[in-house]
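Structure record follows, encoded as structure tokens.
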Amino acid sequence: MTEQSIQPKMTARTLAVHYGGKPALKGVDLDIAAGEVTALIGPSGCGKSTFLRCLNRMNDTIAAARVSGSATLDGEEIYGAAGMDPVLLRARVGMVFQRPNPFPKSIYDNVAFGPRLHRLVAEGEAMDSLVRRSLERAGLWKEVKDVLGQMGTGLSGGQQQRLCIARAIAVEPEVILMDEPCSALDPIATARIEELIDELRESFTIVMVTHSMQQAARVSQTTAFFHLGDIVEVGATERIFTAPANPLTQGYITGRFG
Amino acid sequence: MTTIGEPHIVKSYDSELARLDDSLARMGGLAEAQMAAALEALEARDSGLAARVMEGDAQVDAVEAFVNEQAVRVLALRSPVADDLRTVVAALKIAGEIERIADLAANAAKRSLVLNRLPPVEPMRSLLRLGRLALGLVKEVMDAHLGHDALRALAARDRDQEIDDVYASLFREILTYMMEDPRNITPCSHLMFIAKNFERIGDHATNIAELAHFRILGRAAPQDRPKRDDSSFVGADPE
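Protein chains in written order, with this note's numbering: chain A, 1 to 258; chain B, 259 to 497.
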């Protein structure tokens, strides 16, 4: 393993989140390795989604949420006085949600939305080729290349999710956060997304929350097990699923509690 | 650390895993009985008993088929992970080891039929001692596996050295008798093969001990145990 040899893409140190007075995340430490898929697993309410949302300041949008501790991207502090601008941060750390949520716009405009917002390329040929490249990387181009003007919301669930992935990667983020990206999809659409995730990790660092233990086992290289707002165990996925060190991890992944 | 034995939320999963262990226990019991009977047939020169041992091997094979079927079923339907996965994989492999043990016992019984037609030879006493050691080891490793006792499995594994030592000395003893009188060569050759069978049974028991260790603790058993079976060099010593 090269876990310690290279600088992690993102880090969390004593990262805690309170909703109102209620702790959702109790001060966790985690390193996210570059070019890997990190899976966050754990029972409902364990803090894994809260943790994910900390990584691109999505919790800022919840008035009652209070974040403390430290989170970094390439060594740069995300929170605090010297923290990053959330808009710029989210261009570098993109997000794909549980339910596909394309904008009520054309397929083309869905993908072009981010690049236009951040003025990445000029309209016309440059934008056309960026849209095409993003759709190709999301494995959707062949299916939609003749209907780019149609509404993104008219696609099937699996296609919509791949459109959302195309939209996320169009701004060339460094990290993509995925919150249960396949939970609303059928097994075939799920397999396509998993294959896509495997391809994307060559260019992006991916952090994924999943309720499917098998999905975590299939697509991730590192797995972190959350329980009651803490990280109980983190390690190479292969080890976690063959010989977990912590009895709580073992109990959860084998279906003895959760 | 172990949660082996703690119930799953889905209860039928527990009963499927328990059925695997039960079948292994049954298979181990059958193989031990086969081996004990083969030893008895050798000692009492009882050809009838030897024939029953040879027939009994089919029973062990049947339980092995059942274990394999159950293990594949659990893999397909439950996608086991962690200790559950190790339980299933170990069951598959241990069933294979026990099947080999029973096979070797049946082969020993088969050779006893020939021995019974020839005059008795002295090294039989040492051969029976070797067989009993191997049988004791099989019992011990199966108990360790079914009792989830990794330390006991490791301790049992180290006893295989004793079997190797007795085998090496028996090898020399048999050679001596063959050199002494050519009429001993036929029965002694059969003894030699049976001795090899018993030594192999010890090796299979060792494998079971290592699988038990893996199943219980999730890591391979340490590989630093001494290994010295020098019987392959007997007869090649410079005078």
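Cβ atoms here follow ideal geometry from the backbone N, Cα and C, with glycine treated the same way.
**Report entry** Reduced DSSP category for residue 125(A) - H, G, I as helix; E, B as strand; rest coil
**Finding:** helix
**Report entry** Nearest-angstrom Cα separation, counted from residue 32(A) out to residue 268(B)
**Finding:** 34 Å
Report task. Say whether chain A places a C-beta atom closer than 8 Å to the C-beta of residue 264(B). Result -> yes
Query raised in the report: Could one say the Cβ of residue 41(A) lies closer than 8 Å to chain B's Cβ atoms, at least one of them?
Result: no
Query raised in the report: Whose CA, out of 39(A), 235(A), 169(A), lies closest to the CA of residue 179(A)?
Result: 39(A)
Query raised in the report: Is residue 473(B) close to chain A, meaning its C-beta is less than 8 Å from at least one C-beta of that chain?
Result: no
**Report entry** Within-8 Å CB hit, residue 218(A) to chain B
**Finding:** no
**Report entry** Which of helix, strand or coil DSSP assigns to residue 259(A)
**Finding:** Here chain A comprises residues numbered 1 to 258, so residue 259(A) is not present and cannot be evaluated.
Requested in this report: Mind checking which residues open and close the beta strand (DSSP E) that includes residue 233(A)?
Outcome: 230-236
Query raised in the report: Would you call residue 285(B) buried or exposed, if buried means 16 or more other Cβ atoms sit within 10 Å of its Cβ?
Result: buried
Requested in this report: Throw me the rounded Cβ distance for the residue 238(A) and residue 249(A) pair, which I believe falls under 8 Å.
Outcome: Not a contact, Cβ separation roughly 14 Å.
Query raised in the report: If you drop the 5 nearest sequence neighbours on each side, which residues of the same chain put their C-beta closer than 7 Å to that of residue 157(A)?
Result: 100, 184, 185, 189
Query raised in the report: So which residues on chain B does residue 253(A) lean against when the C-beta distance must stay under 8 Å?
Result: 339, 340
Query raised in the report: Checking contacts by CB at 8 Å: is residue 243(A) closer than that to chain B?
Result: yes
Report task. Go through its chain and collect everything with a Cβ distance to residue 358(B)'s Cβ below 6 Å, but skip five positions before and after it. Result -> 462
Report task. Measure the C-alpha to C-alpha separation of residue 164(A) and residue 18(A) and round it to an integer number of angstroms. Result -> 29 Å
Query raised in the report: If we count the other Cβ atoms within 10 Å of its Cβ and call it buried at 16 or more, is residue 255(A) buried or exposed?
Result: buried
**Report entry** Expected contact under 8 Å - CB spacing of residue 46(A) and residue 228(A) to nearest Å
**Finding:** 6 Å
Query raised in the report: Can you tell me the Cα-Cα spacing of residue 347(B) and residue 34(A), whole angstroms?
Result: 33 Å
Report task. Using a threshold of 8 Å, state whether the C-beta atoms of residue 336(B) and residue 425(B) are closer than that. Result -> no
Query raised in the report: Whose C-alpha, out of 171(A), 204(A), 71(A), 25(A), is nearest the C-alpha of residue 131(A)?
Result: 171(A)
Query raised in the report: Looking at the structure shown, is residue 22(A) part of a helix, part of a strand, or coil, going by DSSP?
Result: strand
Report task. Could you check which residue in 356(B), 287(B), 332(B), 446(B) has the C-alpha nearest to that of residue 373(B)? Result -> 446(B)
**Report entry** Close-in-space but distant-in-sequence residues of the same chain around residue 364(B) (CB under 8 Å, 5 per side omitted)
**Finding:** 292, 296, 311, 312, 314, 315
Query raised in the report: CB-CB under 8 Å to residue 392(B), same chain, minus the five flanking residues each way: which ones, in chain order?
Result: 293, 421, 456, 457, 459, 460, 463
Report task. Output yes or no for whether 8 Å exceeds the beta carbon distance between residue 226(A) and residue 26(A). Result -> no
Query raised in the report: Exposed or buried, what is residue 469(B) when buried is set at 16 or more other beta-carbons lying within 10 Å of its beta-carbon?
Result: buried
Query raised in the report: What does residue 268(B) reach in chain A if we use C-beta pairs closer than 7 Å?
Result: 255
**Report entry** Distance, residue 37(A) Cα to residue 153(A) Cα
**Finding:** 28 Å
Report task. Using a cut-off of 9 Å between C-beta atoms, extract the partners of residue 477(B) located in chain A. Result -> 243
Query raised in the report: So is residue 201(A) buried or exposed if we call it buried at 16+ other beta carbons inside 10 Å?
Result: buried
**Report entry** Residue interval of the beta strand (DSSP E) (run including residue 402(B))
**Finding:** Taken as a continuous stretch (DSSP letters only), residue 402(B) belongs to no beta strand (DSSP E), being part of the alpha helix (DSSP H) at 382-404.
Requested in this report: Given a cut-off of 8 Å, decide if residue 326(B) and residue 343(B) are closer than it, judged by their beta-carbon atoms.
Outcome: no
Report task. Measure from the alpha carbon of residue 274(B) to the alpha carbon of each residue in 324(B), 453(B), 299(B), then state which is nearest. Result -> 324(B)
**Report entry** Buried or exposed (CB count within 10 angstroms, at least 16 for buried), residue 50(A)
**Finding:** buried
Query raised in the report: Does the separation of the CB atoms of residue 412(B) and residue 467(B) fall below 8 Å?
Result: yes
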